[in-house]
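Numbering (this note's numbering), first residue to last: 5 to 116.
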Amino acid sequence: MKKITKNKQDIAMCGLDCSSCPAFIATQDNDDKLRKKTAKEWTERYGKGKRERPPVKPEDINCKGCLSAGQIYLYCHQCKIRKCGFKKEIKNCNECKDYKCKQLTELQKHFF
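Written out as structure tokens, the structure reads:
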């Protein structure tokens, strides 16, 4: 795996570090083995529960980071926090006058 140099675009709207995300890493490294492994793990982890999602396929595991105008992971495209930030024309939630909103707090409970 090659070393990824962090820049502002590697930090998602919510503050998550995209450069440590398997979809981002698989895209940067063009690593099909990691895509397959991540698809399996994410299907198991996120395909169950209240919001059952369709299985994640290896070809779904492609992302250049949340703030990228290019290719991003399917569910990042649907992210309410990301959409809100773009609507408010900010690069990160900490720039928002409503910082720490309910959506961000709920997400942080899940990831942090």
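Ideal placement from N, C-alpha and C gives every residue a C-beta, glycine not left out.
- Contact between isoleucine 65 and arginine 39 holds: their C-beta atoms lie close to 4 Å from each other, under 8 Å.
- In this structure, DSSP gives isoleucine 29 a helical state, which the three-state scheme calls helix.
- If you draw a straight line from the Cα of proline 58 to the Cα of isoleucine 85, it is about 22 Å long.
- Under the three-state reduction of DSSP output, isoleucine 15 falls in the strand class.
- Less than 8 Å separates the beta-carbon of methionine 17 from that of cysteine 70.
- One alpha carbon belongs to glutamine 75, the other to threonine 31, and they sit about 9 Å apart.
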